[in-house]
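Participant: First, the structure itself, so that you have it in front of you.
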Amino acid sequence: MVNLAPKKTKVRVMEADWKNTDRAVSWLRKEASNSTQPFVLYLGLNLPHPYPSPSSGENFGSSTFHTSLYWLKKVSYDAIKIPKWSPLSEMHPVDYYSSYTKNCTGTFTDKEIKNIRAFYYAMCAETDAMLGLLQKTIVIYTSDHGELAMEHRQFYKMSMYEASSHVPLLIMGPGIQVNLEVSSVVSLVDIYPTM
Numbered sequence: 004m005v006n007l008a009p010k011k012t013k014v015r016v017m018e019a020d021w022k023n024t025d026r027a028v029s030w031l032r033k034e035a036s037n038s039t040q041p042f043v044l045y046l047g048l049n050l051p052h053p054y055p056s057p058s059s060g061e062n063f064g065s066s067t068f069h070t071s072l073y074w075l076k077k078v079s080y081d082a083i084k085i086p087k088w089s090p091l092s093e094m095h096p097v098d099y100y101s102s103y104t105k106n107c108t109g110t111f112t113d114k115e116i117k118n119i120r121a122f123y124y125a126m127c128a129e130t131d132a133m134l135g136l137l138q139k140t141i142v143i144y145t146s147d148h149g150e151l152a153m154e155h156r157q158f159y160k161m162s163m164y165e166a167s168s169h170v171p172l173l174i175m176g177p178g179i180q181v182n183l184e185v186s187s188v189v190s191l192v193d194i195y196p197t198m
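Quick note: this note's numbering has the sequence shown finishing at residue 198, numbered continuously throughout.
Dropping the structure here:
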């Protein structure tokens, strides 16, 4: 079961992530700005993960996607595509099990699928807003895993599909060329030695 939970017009929905981001920005302004040595600051966010839904019982796949109308308005609903699914009877047993444990074997209307994807994109927009607070610093945005976002009848990760393992690697900051796309294969293990 997926419970979409908009929180009125609130901008800072994921308060713990905002608190950690504010602390990181404060550290950058107070400590790092006076440092003569290079530094690395790692900030891990829970966004855009959905939250467990305790009211749904013990099923591992029950989730609540938290966002607000503020962030939903930034999502182009008409541009959201509905992924094509194989019928449950034709799914590989591993795929079926993965869909089952994520509570995705029920019937979903196109509107429900679009809403799940819209809420995920809204949560991504809130994450982007947090990154916008960091100025005069090279910011690397990446992830430990991708998101299926209802592709292959699943959300979360934990599959061998590309959407589950594909991660962004965005680098922004002073001296970084804007809008440059690199086709070279890169690995996240290259980040620390490169910086």
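Glycine included, C-beta positions come from ideal geometry on N, C-alpha and C.
#1: Between which two residues does the beta strand (DSSP E) containing Thr112 stretch?
#2: Taking the alpha helix (DSSP H) that Leu75 belongs to, which residues open and close that run?
#3: Would you tell me roughly how many angstroms separate the C-alpha atoms of Val142 and Thr67, rounded to the nearest one?
#4: Can you find the residues in the same chain that come closer than 6 Å, C-beta to C-beta, to Phe63, ignoring five residues on each side of it along the sequence?
#5: So the alpha helix (DSSP H) Thr24 belongs to, where does it begin and stop?
#6: Between Val16 and Glu129, which are expected to be in contact by the criterion C-beta below 8 Å, what is the C-beta distance as a whole number of angstroms?
#7: In the DSSP assignment, find the unbroken beta strand (DSSP E) run with Tyr144 in it and report its ends.
#8: With a CB to CB cut of under 8 Å and the five nearest residues on each side skipped, what residues in its chain are close to Leu48?
#9: Let's see if you can read the secondary structure: which residues bound the alpha helix (DSSP H) around Ile194?
#10: Kindly list the residues whose CB is nearer than 7 Å to the CB of Met153, restricted to its own chain and excluding five residues on each side of it in sequence; keep chain order.
#11: Assuming Ser187 contacts Pro171 under a Cβ cut-off of 8 Å, what Cβ separation, rounded to an integer in Å, is found between them?
#12: With 16 as the cutoff for other CB atoms within 10 Å, does Met2 come out buried or exposed?
#13: Beta carbon of Leu50, beta carbon of Ala27: below 9 Å?
#14: For Val97 and His155, I'd like the C-alpha separation in whole angstroms.
#15: Which word fits Tyr73, buried or exposed, when buried means at least 16 other C-beta atoms lie within 10 angstroms of its C-beta?
#16: Rounded to whole angstroms, what is the Cα-Cα separation between Thr108 and Tyr100?
#17: Compare the beta carbon distance of Glu150 and Ala166 with 9 Å and say whether it is the shorter of the two.
Facilitator: If we stick to the structure as given:
#1: Indexing the sequence shown from 1 puts residue 112 at position 109. Looking at the DSSP string, Thr112 is not in any beta strand (DSSP E), and its letter there is neither H nor E.
#2: Along the sequence shown, read from residue 1 onward, the residue named residue 75 stands at position 72. It spans Leu72 to Leu75 - the alpha helix (DSSP H) in which Leu75 sits, taken as one unbroken run.
#3: Translated into the one-based positions of the sequence shown, residue 142 becomes position 139. Translated into the one-based positions of the sequence shown, residue 67 becomes position 64. Between Val142 and Thr67, the C-alpha separation is close to 29 Å.
#4: Translated into the one-based positions of the sequence shown, residue 63 becomes position 60. Any reading at Phe63 needs caution, since the residue's pLDDT is 47, under 50, leaving its predicted position unreliable; the model's value is listed next. Excluding its 5 nearest sequence neighbours in each direction, Phe63 has C-beta neighbours in its own chain below 6 Å: Thr104, listed in chain order.
#5: Locating residue 24 in the sequence shown gives position 21, counting from the first residue. DSSP places Thr24 in the uninterrupted alpha helix (DSSP H) bounded by Glu18 to Lys33.
#6: Working through the sequence shown from its first residue, we reach residue 16 at position 13. Working through the sequence shown from its first residue, we reach residue 129 at position 126. Val16 to Glu129, Cβ: 6 Å. Contact.
#7: In the sequence shown, counting from the first residue as 1, residue 144 sits at position 141. Per DSSP, the continuous beta strand (DSSP E) segment holding Tyr144 begins and ends at Val142 to Thr145.
#8: Within the sequence shown, residue 48 is the residue found at index 45, counting from 1. Shown here for Leu48: same chain residues with a beta carbon closer than 8 Å to its own, the five before and five after excluded, namely Met17, Asp20, Asn23, Thr24, Thr130 and Met133 in chain order.
#9: Here residue 194 refers to the residue found at position 191 when the sequence shown is read from its first residue. Run containing Ile194: Ile194 to Thr197, per the alpha helix (DSSP H) assignment.
#10: Here residue 153 refers to the residue found at position 150 of the sequence shown. Excluding positions up to five away in sequence, the list reads Pro86, Ile116, Ile119 and Arg120.
#11: The residue labelled residue 187 in the question sits at position 184 within the sequence shown. The residue labelled residue 171 in the question sits at position 168 within the sequence shown. Between Pro171 and Ser187 the Cβ distance is about 15 Å, and since that is not below 8 Å, they are no contact.
#12: Limits of the chain in this structure are 4 at one end and 198 at the other, which puts residue 2 out of reach.
#13: Position 47 of the sequence shown holds residue 50. Position 24 of the sequence shown holds residue 27. Ala27 sits away from Leu50, with the two beta carbons spaced by 9 Å or more.
#14: Locating residue 97 in the sequence shown gives position 94, counting from the first residue. Locating residue 155 in the sequence shown gives position 152, counting from the first residue. Inter-residue distance for Val97 and His155 is about 12 Å (C-alpha atoms, whole angstroms).
#15: Here the question's residue 73 lines up with position 70 in the sequence shown. A residue is called buried when at least 16 other Cβ atoms come within 10 angstroms of its Cβ; Tyr73 meets this threshold and is buried.
#16: As a working note, residue 108 is residue 105 in the sequence shown. As a working note, residue 100 is residue 97 in the sequence shown. Answer to the nearest angstrom: the Cα atoms are 9 Å apart.
#17: One-based indexing of the sequence shown puts residue 150 at position 147. One-based indexing of the sequence shown puts residue 166 at position 163. Yes. Within cutoff.
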